[in-house]
Amino acid sequence: MCGIVGYAGPAGSAADTSQRPLDVVIEGLRRLEYRGYDSAGVAVVAPDTAQVSSRKKAGKLVNLTDTLAAEPLPNATAAIGHTRWATHGGPTDRNAHPHLADGGKLAVIHNGIIENFAQLREELIAEGSRFLSETDTEVAAHLLAREYRLAGDLSAAMRATAKQLDGAFTLLAVHTDAPGTVVGARHDSPLVVGLGEDENFLGSDVAAFVSSTREALELGQDQVVTITADDVTITDFDGNPVEPSPYTVDWDASAAEKGGYRTFMDKEIADEPQAVAQTLLGRTDRAGHLQLDELRIDEALLRTIDKIVVIACGTAAYAGHVAKYAIEHWCRVPVEVELAHEFRYRDPVVSEKTLVVAISQSGETMDTLMAVRHAQEQGAKVLAIVNTHGSTIPREADAVLYTHAGPEIAVASTKAFLAQLTAAYLLGLYLAQVRGTKFPDEIAAVLADLREMPAKIQAVIDSGDRVRMIARWMDSRSVLFLGRHVGFPVALEGALKLKELAYIHAEGFAAGELKHGPIALVEPGQPVFVIVPSPRGRDSLHAKVISNIQEIRARGARTLVIAEEGDEAVLPYADEVFWVPQSPTLLSPLVTVVPLQIFACELATARGLDVDQPRNLAKSVTVE
Ligand code: AGP
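Residue 1578 in this note's numbering sits at position 147 of the sequence shown, with consecutive numbering throughout.
Dropping the structure here:
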């Protein structure tokens, strides 16, 4: 997600001003570049000035530093800086942070998603606020300005503002009335304090300031922090003082970029609960009805759709396969899943009644982009499920449903896959709502189940040590993966992870296919992962997979079973069991895939391979 940096230095008089606030913030933004972003900006304040001074530019940080070289900012005593990963509003100069308010005396930067920004924006416009951007952040800036005019104190105003926001946010603000002060607030989004000598720092993670200090304080949920050169004050949103627990950062700068994790992939697996939660944020109205505003496809047209074709590549295609089971079950519309590079050269049967859904993390995969164009030439409407704002595929599609996984750096897709599943579930439920194939209470029940999934994903991540230990000792040159129903695309994804990370031959099969050939591959010691459906799910599916496990075990396979907690039927036939929390069948891929991701990541790491940049692979395949 976005990168945030704040600095507060001595602010007694104009003599205390320097370029250090800006230098520290730019250095911090450089250390946060790895997080991925699409625009950057800074704001500085100094004593006795009427307005904050700010610069912001779309694109890479170099665009901002070039601008600063051409149009330097004045010496200052405090500064804030931001690298933005677009969520509301495209990656443009205007939408870049900071956002100003209070006649240019206040600057705000933000990480997260403010769910109730539309309603607040209307209120503020009615009170006379003028908006320059499409962002939810600018709403927070004008709200903070209103509260500051009432409170006369930036920290109190921040508390009042934070209590009115729904969603996830880290906010930083500076005001010309408090030239040596930076105030921050956090809810469901990280913010850490760096403790310096006669200066203090704020950051979305310690990478922002680790080159200046390793002494830090972690902010807790729903807290406001006020930093000056020689003081750090923390309260809850009601103003009650909070005593933070200091710690010393024991990471070096490069490790800090990965948040202390060994690899970006490890970090991105750890981010999966948040990726799912963020993708769910802001998609229902106060009555609980789904509202996918950015879809931009007329509901009447969605009611005429008689077929859905999913086009994607690799992991994104496997997300499409899972989506097929869910959408067909909820909407009773046939769903075909096509590899984009095959679709492109077929004469697909599509018409204006076909909804083509293009799934892509990068939004730049050339195979998928060309398939989008092919579908549109055939008269189909195209809806893109994409993670990267401002990329080509959503620009050319007729509609977009963004995932909010944040930037995914590792080539092997993990958190983006879970976010793609989540977005596909939301699309399926929205179609069921629009077409009336599910009652509102049924849709609400599934949404409630979806909201419980981030905690279940976290539970699987927390219990990952066993699968890591198995991975470290795995010496096989071939691994098979079996699954049925939604477990089948999970088996395909587990095999792909192992192929692309550990360069091991791995193959995923529909478990029912075993007798039709693949069982000939099974020999003594052959490791086989089996994703077992819930015993509470579709009738006989569970029993059939248990008998599949018996068949391969009888031929000497080493059975590594992913099963639902409490499913003791697997125990007699499993050499290893990796338990996942009970979940509705259609949502279970959100948890059953996680042990397979961890396994592949750990095995590749144990073999000393480059997990984040595997050989021969690129994060975005922008050639056909
Ligand atoms: C998945 O781990 C791979 N990196 C690859 O299969 C990827 O999913 C595929 O290239 C599609 O990329 P996209 O989602 O950016 O379109």
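A virtual CB, placed ideally from N, CA and C, is assigned to each residue, including glycine.
**Request:** Measure how close the beta-carbons of LEU1460 and GLY1434 come, nearest whole angstrom, since I'm counting them as under 8 Å.
**Result:** Here residue 1460 corresponds to residue number 29 of the sequence shown, with the count starting at 1. Here residue 1434 corresponds to residue number 3 of the sequence shown, with the count starting at 1. Yes, LEU1460 and GLY1434 are in contact; Cβ-Cβ is about 6 Å, under 8 Å.
Q | Cβ-heavy atom distance, ALA2000 to the ligand AGP, below 8 Å | A | In the sequence shown, the residue the question calls residue 2000 occupies position 569. No, the ligand AGP has no heavy atom inside 8 Å of this Cβ.
To the nearest whole angstrom, what separates the beta carbons of GLU2033 and THR1746, a pair I think is in contact under 8 Å? Position 602 of the sequence shown, counted from the start, is the residue given in the question as residue 2033. Position 315 of the sequence shown, counted from the start, is the residue given in the question as residue 1746. Between GLU2033 and THR1746 a beta carbon distance of about 18 Å is seen, past the 8 Å cut, so the two are scored as non-contacting.
(request) Taking only the alpha-carbon atoms, compute the straight-line gap between VAL2022 and PRO1677 and give it to the nearest angstrom. (result) For the purposes of this step, residue 2022 is taken as residue 591 along the sequence shown, with counting starting at 1. For the purposes of this step, residue 1677 is taken as residue 246 along the sequence shown, with counting starting at 1. Taking the straight line from one Cα to the other gives about 34 Å.
*ASP1479 versus ALA1557: straight-line alpha-carbon distance, rounded*: One-based indexing of the sequence shown puts residue 1479 at position 48. One-based indexing of the sequence shown puts residue 1557 at position 126. Computed Cα separation, rounded: 32 Å.
- Presumed contact (8 Å Cβ cut-off) between SER1470 and PRO1529, rounded CB distance: Here residue 1470 refers to the residue found at position 39 of the sequence shown. Here residue 1529 refers to the residue found at position 98 of the sequence shown. The Cβ separation is near 11 Å, so there is no contact.
- With distances taken Cα to Cα, identify the nearest neighbour of HIS1541 among SER1791, ALA2000, SER1620 and THR1448. Stepping through the sequence shown from its first residue, residue 1541 is reached at position 110. Among SER1791, ALA2000, SER1620 and THR1448, the Cα nearest to that of HIS1541 is on SER1620.
Requested in this report: Kindly list the residues whose CB is nearer than 7 Å to the CB of LYS2057, restricted to its own chain and excluding five residues on each side of it in sequence; keep chain order.
Outcome: Within the shown structure, residues of the chain are numbered from 1432 to 2055, placing residue 2057 beyond reach of any answer.
Note to self: Tell me which residues pass a beta-carbon proximity test against the ligand NAP: closer than 6 Å to any heavy atom, given in chain order.
What the structure shows: Within the structure as shown, the ligand NAP is missing, the only ligands being the ligand AGP.
Pairing CB atoms from the segment 1719-1730 with CB atoms from the segment 1489-1505, are three or more of them under 8 Å? Touching, no.
For the segment 1777-1851, list the beta strand (DSSP E) runs that are entirely contained and at least 3 residues long, ordered along the chain.
Taking only runs of at least 3 residues, the beta strand (DSSP E) segments lying wholly in the segment 1777-1851 are 1785-1791, 1812-1817 and 1830-1833.
Using DSSP's beta-bridge definition, name the partner residues of ASP1662. What you label residue 1662 is simply residue 231 of the sequence shown in a count that begins at 1. THR1659.
Q) Does the Cβ of GLN1550 have 16 or more other Cβ atoms within 10 Å, making it buried, or fewer, making it exposed? A) To locate residue 1550, count along the sequence shown from 1; it is residue 119. In the assembly as shown, GLN1550 is an exposed residue. Its beta-carbon has fewer than 16 other beta-carbons within 10 Å.
Subject >> PHE1640 to VAL1707 span [Cα, whole Å] >> reply: Residue numbering aside, residue 1640 sits at position 209 when the sequence shown is read from its first letter. Residue numbering aside, residue 1707 sits at position 276 when the sequence shown is read from its first letter. Cα to Cα, PHE1640 sits roughly 28 Å from VAL1707.
| query | Anyone know if the C-beta pair for VAL1768 and LYS1738 falls short of 9 Å? | reply | In the sequence shown, residue 1768 corresponds to position 337, counting from 1. In the sequence shown, residue 1738 corresponds to position 307, counting from 1. Between VAL1768 and LYS1738, the gap from beta carbon to beta carbon reaches 9 Å or more.
| said: Going by DSSP, what residue range makes up the beta strand (DSSP E) through TRP1516? | reply: In the sequence shown, residue 1516 corresponds to position 85, counting from 1. First-last for TRP1516: undefined, no H or E at that position.
According to DSSP, simplified to helix, strand and coil, what is SER2051?
Walking along the sequence shown from the start, residue 2051 turns up at place 620. Note: SER2051 maps to coil in three-state DSSP.
Notebook entry, point to check: Residues bridged to LYS1488 by DSSP?
Noted result: Locating residue 1488 in the sequence shown gives position 57, counting from the first residue. Note: LYS1488 sits in a beta bridge opposite ALA1471.
request  = Could you tell me which of LEU1626, PRO1838, ALA1660 and ILE1658 sits nearest to ARG1645, measuring between CA atoms?
outcome  = Walking along the sequence shown from the start, residue 1645 turns up at place 214. The shortest Cα separation from ARG1645 among LEU1626, PRO1838, ALA1660 and ILE1658 belongs to LEU1626.
- If we ignore side chains and look at the alpha-carbon of each, how far apart do ARG1717 and CYS1744 end up? Indexing the sequence shown from 1 puts residue 1717 at position 286. Indexing the sequence shown from 1 puts residue 1744 at position 313. Distance between the alpha carbons of ARG1717 and CYS1744: 36 Å.
Write down the C-beta distance between THR1799 and ALA1828 rounded to the nearest angstrom, noting that I regard them as a contact closer than 8 Å.
-> For the purposes of this step, residue 1799 is taken as residue 368 along the sequence shown, with counting starting at 1. For the purposes of this step, residue 1828 is taken as residue 397 along the sequence shown, with counting starting at 1. Contact doesn't hold; Cβ gap of about 10 Å is too wide.
query: What's the call for LEU2091, buried or exposed, on a 16-neighbour Cβ count within 10 Å?
result: The question about residue 2091 has no answer, for the chain in this structure spans 1432 to 2055.
**Asked** Which residues share a DSSP beta bridge with LEU1952?
**Response** Translated into the one-based positions of the sequence shown, residue 1952 becomes position 521. Partner(s): none; LEU1952 has no beta bridge.
key: Local conformation of PRO2015 per DSSP, three classes   = The count along the sequence shown starts at 1 and reaches residue 2015 at position 584. Coil at PRO2015, not helix or strand.
Can you tell me whether DSSP reads ILE1728 as helix, strand or coil? As a first step, residue 1728 must be located in the sequence shown, where it is residue number 297. DSSP, read as helix, strand or coil, puts ILE1728 in coil.
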